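Residue numbers (this note's numbering): 3 to 273.
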Amino acid sequence: MSQGLQNLSLWDVGIAALLIVVNGAVSVALKLDLERKLAWAAVRTIVQLLAIGYVLGWVFAYGHWFVVLPLMILMTLIAGFAGAQRGLRTYAGQRADSLVSIWVSSWLVAAVGLFVVIRIHPWYAPQYAIPILGMILGNTLTGVSLGIERMMEELTARRDRVDMALALGATRWEAAQGPARQAVRAGMIPTLNQMAVVGVVSLPGMMTGQVLAGQSPLQAVRYQIVIMFLIAASSALGTVGAVLLTYQRLFSAEHRFLASRLVDRPVRARR
Numbered sequence: 003m004s005q006g007l008q009n010l011s012l013w014d015v016g017i018a019a020l021l022i023v024v025n026g027a028v029s030v031a032l033k034l035d036l037e038r039k040l041a042w043a044a045v046r047t048i049v050q051l052l053a054i055g056y057v058l059g060w061v062f063a064y065g066h067w068f069v070v071l072p073l074m075i076l077m078t079l080i081a082g083f084a085g086a087q088r089g090l091r092t093y094a095g096q097r098a099d100s101l102v103s104i105w106v107s108s109w110l111v112a113a114v115g116l117f118v119v120i121r122i123h124p125w126y127a128p129q130y131a132i133p134i135l136g137m138i139l140g141n142t143l144t145g146v147s148l149g150i151e152r153m154m155e156e157l158t159a160r161r162d163r164v165d166m167a168l169a170l171g172a173t174r175w176e177a178a179q180g181p182a183r184q185a186v187r188a189g190m191i192p193t194l195n196q197m198a199v200v201g202v203v204s205l206p207g208m209m210t211g212q213v214l215a216g217q218s219p220l221q222a223v224r225y226q227i228v229i230m231f232l233i234a235a236s237s238a239l240g241t242v243g244a245v246l247l248t249y250q251r252l253f254s255a256e257h258r259f260l261a262s263r264l265v266d267r268p269v270r271a272r273r
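Here is the structure:
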């Protein structure tokens, strides 16, 4: 007999929060000097999740498209800007490239999931649209940020070979395709690794939540399979798009490598 999800009190959450002391103890023991960052990260986690909990409660209560759609747009904007913050180098237009690649791939794949696979009505039902888009955005963000970062690093490391190939008459794509392949591969690897161990080593959050809420495990598994494939497709499309946009930024139509456009990121902005 299935049971409903067990409610947690603030006291229960507080007990779990005390476990962060383990991280602090490790930092102190190994002299990692991460205590303040851990404390700040813990505070941010609590504040951000409480805030989104109240926001989602309000959105779920109303459930109109003019409430759900702005939240989805805001989520996408945050993901797009976050995708451009990774790495030691940057270039003019990186934020736009990250935003476009994440927005197009995530919304396209989410539309397939909501309209074709799950077929919810209305399409903006918040209990479906927001979590599904959120999971897709989070994983696409990782692929895009890794792809752009790897593309810049590969072009920097191979600059002599790229310039030599162009000098010998190669087109800009012939000179850049090696770094581009490595960049796309780097962006897709995290999702592939996740797919390789899902259900064996780890139980995904969506599946776990459904099971805890009393959903049939087999139904929860079907939903998780759909989500994993949506994530994989969006991550691949987003990574390829981001790498191609980066390529367009860093190579001119005259088949020249515009290495001067790559600049070091300010130290305070590095992750």
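All C-beta atoms in this analysis are idealised placements derived from N, C-alpha and C, irrespective of residue type, glycine included. Quantities reported herein were computed from a predicted structural model and do not represent experimental measurements.
Whole-Å CB distance - residue i paired with residue j, under 8 angstroms assumed
| i | j | result |
| --- | --- | --- |
| Gly243 | Val106 | 7 angstroms |
| Val164 | Ala178 | 7 angstroms |
| Ser29 | Leu21 | Not a contact, Cβ separation roughly 14 angstroms. |
| Phe83 | Leu101 | 7 angstroms |
| Ile134 | Gly115 | 6 angstroms |
| Tyr93 | Arg251 | 6 angstroms |
| Ser108 | Gly240 | 7 angstroms |
| Ala182 | Tyr249 | 6 angstroms |
Own chain partners of residue i with C-beta closer than 7 angstroms, once the 5 adjacent residues on each side are dropped
| i | result |
| --- | --- |
| Glu151 | Arg88, Gly89 |
DSSP state of residue i mapped onto helix, strand, coil
| i | result |
| --- | --- |
| Thr92 | strand |
| Asp266 | strand |
Cβ-Cβ distance between residue i and residue j below 7 angstroms
| i | j | result |
| --- | --- | --- |
| Arg160 | Ala261 | no |
| Val70 | Tyr126 | yes |
| Val111 | Leu264 | no |
| Thr142 | His257 | no |
| Gly95 | Gly149 | no |
| Arg91 | Asp266 | yes |
| Val245 | Met153 | yes |
Exposure of residue i, with buried meaning 16 or more beta-carbon neighbours within 10 Å
| i | result |
| --- | --- |
| Asp99 | buried |
| Tyr56 | exposed |
| Gly171 | exposed |
| Gln50 | exposed |
| Ser103 | buried |
| Thr47 | exposed |
| Ile227 | exposed |
| Met197 | exposed |
Own chain partners of residue i with C-beta closer than 6 angstroms, once the 5 adjacent residues on each side are dropped
| i | result |
| --- | --- |
| Thr144 | Pro192 |
| Trp67 | Tyr126 |
| Ser147 | Gly85, Arg88 |
| Asn25 | Leu40 |
| Ala44 | Ile22 |
| Thr78 | Trp105 |
Chain-order list of residues whose beta-carbon lies under 8 angstroms from that of residue i (same chain, five-residue window excluded)
| i | result |
| --- | --- |
| Gly140 | Ala81 |
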